[in-house]
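J.: If you read the sequence shown in this note's numbering, its first letter stands for residue 4, the second for the next number, and so on. Just so it is clear, CB atoms sit at the ideal spot from N, CA and C, and this is done for glycine as well. These numbers come from a predicted model, not from an experiment.
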Amino acid sequence: MSLLSRKVVLAANYAAVSATAALGSVRLLAAADNAGVAYIRGDDGVTDVPIPKGVDFQLNGVDLADIHLKGTPGDVVVVIGGTFFS
């Protein structure tokens with residue numbers, strides 16, 4: 004297992020948390036001082052699921068390349084956890 008600690012600076016368009024496939028369990032935390040709401044793309048590829056500022060949630064056993072985030076440009080989501088395979 005490899006430790007993962009990453010600051011993702013958001014853009015107006017969706018971008019993957021990882022450029023390569025990496026199976027892991029992570030906690031996503033939208034910074035409390037963000038200007039707006041961050042969004043994670045739903046599994047249907049269309050739905051925007053909001054992550055309000057200051058809120059965090061856990062994702063277990065996911066491919067980090069399948070997690071796509073967007074929001075107010077310059078806002079931050081912190082990704083902390085670990086990967087099992089990459």
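(1) Quick check on A33: does DSSP put it in helix, strand or coil?
(2) Do V65 and P53 count as a contact pair if the criterion is CB distance below 8 angstroms?
(3) Using the three-state DSSP reduction, which class does D51 fall into: helix, strand or coil?
(4) Please state the DSSP three-state secondary structure of A68.
(5) Roughly how many angstroms separate the alpha carbons of K56 and A24, rounded to a whole number?
(6) Quick one: what does DSSP say D46 is sitting in, helix, strand or coil?
T.: This is what the structure gives:
(1) Taking the first residue of the sequence shown as position 1, residue 33 is located at position 30. Note: A33 maps to strand in three-state DSSP.
(2) Numbered from 1 along the sequence shown, position 50 holds the residue referred to as residue 53. Numbered from 1 along the sequence shown, position 62 holds the residue referred to as residue 65. No; because the gap between Cβ atoms is not below 8 angstroms, this pair is not in contact.
(3) Your numbering for residue 51 matches position 48 in the sequence shown. Residue state, collapsed to three classes: strand.
(4) Residue numbering aside, residue 68 sits at position 65 when the sequence shown is read from its first letter. In the structure shown, A68 sits in a helix (DSSP, three-state: H, G or I).
(5) Here residue 56 refers to the residue found at position 53 of the sequence shown. Here residue 24 refers to the residue found at position 21 of the sequence shown. Roughly 27 angstroms separates the two Cα atoms.
(6) Residue 46 sits at position 43 when you count from the first residue of the sequence shown. Here D46 sits in coil by DSSP.
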